[in-house]
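What follows is a set of notes on a single structure, which appears directly below.
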Amino acid sequence: MMVNNTAPFWRDTLAYVGVWCLDANGSLRFEGLVPDRPAVFAMVVDNMPVYVGLTGRALTERLDDFRATHSDQLSQSGKIKARVHQEIISVLGEGREVEVYVHSFRDVRDFAQNAWELRNNLRAAYVPDWNRAKAA
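Position one of the sequence shown corresponds to residue 8 (our numbering), numbered consecutively onward.
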């Protein structure tokens, strides 16, 4: 993972909202409270962002996209959801945590004006591993 000497940037910008866990059946569940608004979010492993995304819908719905397994793996969106789902399970299986941090927006207008820039700045600063397509 590459960082451009901006280690505290994500912590100054995003707030902790919870952590991914595996239940007794080995299924993903999210423990925490997320804002029910548009947001930029980061999944963080070992104190480094590994995935940075945004959602214009309720963040709970977006996190559900990663929680579920996906039969829609033909679309680009389905491939990303399935890949991130597997990455989370893999990290948890190693006994490490996947934390979620968020910057939520007051309303759709605030989101439209600021979300893409924030997401792109975070991705440029940290080049998160899970945002990069894996070679087949």
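All C-beta atoms, glycine included, are put in the ideal place defined by N, C-alpha and C.
Boundaries of the beta strand (DSSP E) in which residue i is found, first to last residue
i      : result
PHE37  : 35 to 39
GLU94  : Where GLU94 is concerned, there is no enclosing beta strand (DSSP E), although the alpha helix (DSSP H) it sits in stretches over 83 to 100.
GLU106 : 105 to 111
Where residue i falls: helix, strand or coil (DSSP)
i     : result
ALA49 : strand
LEU29 : strand
LEU61 : strand
GLU68 : helix
THR13 : Residue placement at THR13 is poorly supported in this model, since its pLDDT is 44, which falls under 50; the coordinates are not used for a value here.
Where the alpha helix (DSSP H) containing residue i begins and where it ends
i      : result
ALA119 : 115 to 133
ASP43  : Per DSSP, ASP43 belongs to no alpha helix (DSSP H) and is neither H nor E.
TRP17  : 16 to 20
Buried versus exposed call for residue i [16 or more other C-beta atoms within 10 Å across all chains shown]
i      : result
LEU6   : A question about residue 6 goes unanswered here, because the residues of the chain that appear run from 8 up to 143.
TRP123 : exposed
TYR133 : buried
Could you tell me whether the stretch 107 to 121 touches the stretch 33 to 51, where touching means 3 or more Cβ pairs closer than 8 Å?
-> yes
Inter-stretch contact at 8 Å, needing at least 3 Cβ pairs: the stretch 19 to 38 / the stretch 80 to 99 | yes
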